[in-house]
Amino acid sequence: MYRFLLTPRWWGIHVFVLLAIPVCVFMGSWQLGRFEDRVQSHDAAEKAPDPATQKAEPLASLLPVDQRTSGRPAAAHGRYAEQFLVPGREVDGKSGSYVLSLLRTDGGKALPVVRGWIPQGAKAPAAPAGEVGVTGILQASENAGSDGVHAQGGLPRGQVGMISAAALVNLVPYQVYDAWVTLPRADAGMTPVPASAPQNSGLDLKAFQNLGYTGEWFVFAGFVVFMWFRLVRREAEALEDAELGLSPEAEIGAEPGAGAETGAETPGALKGSSLPG
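Take any residue in the sequence shown, note its place counting from 1, add 6, and you have its number in the numbering used here.
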């Protein structure tokens, strides 16, 4: 009865199932691993001392920014140059703008420095003149998925929607560090901007999305197995019905023969009845 499982069509189905199940299990395990990594990094961050309380280190020693160096105090020296506003940012539930000043360091590269936050419509204070020393909380460059980022463009001159080297390098004629700092103490008229937690280090919505994807991939694997058994059972039942003459194809094929026999008798009967007495 189950010899149909060895036909070429069913060999194709077998190969698909044998490939689909390991792929689903692998993807589910990978998503589960990402969630577990987030849990471990979150636990480690909870147990570790606050990075902001550590001793300030030279900027160059903390680059590139990663989960270990993000939030650490970084020190740099130089002169302030161009200044921009970063609109659409909230502090304490109020909408306003970050005041972003570029610090030209001794090496020529510029470090983006968020000197503070101002409410919407307020005028940004000018940056200090001359040689200055800056100690701020180190942050990784923003991307299109960061909170508050305006990535669509179209902002007025003097404004930027994303704090990143990729966005700033097109606005100034010098190189920009792929990082930025926020000052823990803002000048008069501004509010300090709190540092953000390192990306992919907490149990945020993305972490639980990984857990949800884990369940989806394992459900897909189970669905593939279920459908394989369902197709096998369906075809076996169809063969049983065909052997017993209960299939729709057998019934349809029997009707023309029955009709032909009936039709063969009727003309004879009619012909006999039409003969004279």
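All C-beta atoms in this analysis are idealised placements derived from N, C-alpha and C, irrespective of residue type, glycine included.
{"query": "Applying the criterion that 16 or more other CB atoms from any shown protein chain within 10 Å of the CB defines a buried residue, is V231 buried or exposed?", "result": "exposed"}
{"query": "Could you check whether the segment 220 to 227 touches the segment 33 to 46, counting it as contact only if at least three pairs of C-beta atoms, one from each stretch, sit closer than 8 Å?", "result": "yes"}
{"query": "Would you verify that the beta carbon of W123 is, or is not, closer than 7 Å to some beta carbon of chain D?", "result": "No chain D is part of this structure, which consists of one protein chain only."}
{"query": "Closer than 8 Å by C-beta to G94: which residues in its own chain qualify, once you throw out the five before and the five after it? Chain order, please.", "result": "S101, S103, G154, H156 and G167"}
{"query": "By a C-beta neighbour count over all protein chains shown, 10 Å radius and 16 as the cutoff for buried, is E243 buried or exposed?", "result": "exposed"}
{"query": "For E88, does the three-state DSSP call read helix, strand or coil?", "result": "strand"}
{"query": "Nearest to M196 by alpha carbon, out of G113, P125 and S147?", "result": "P125"}
{"query": "Please go through the same chain and pick out, in chain order, the residues whose beta-carbon is closer than 7 Å to the beta-carbon of A171, but skip the five residues on each side of it.", "result": "S147, V182, Y183 and D184"}
{"query": "Ignoring anything shorter than 4 residues, give me the alpha helix (DSSP H) runs that lie fully in the segment 160 to 204, in order along the chain.", "result": "171 to 174"}
{"query": "What does DSSP give as the partner residue(s) for L117 in the beta ladder?", "result": "L109"}
{"query": "For A256, which residues from the same chain have a beta carbon less than 7 Å from its beta carbon, with the 5 sequence-adjacent residues on both sides left out?", "result": "Because A256 carries a pLDDT of 49, less than 50, the predicted location of this residue cannot be relied on, and the following value inherits that uncertainty. So the list reads A248, once near-sequence residues are dropped."}
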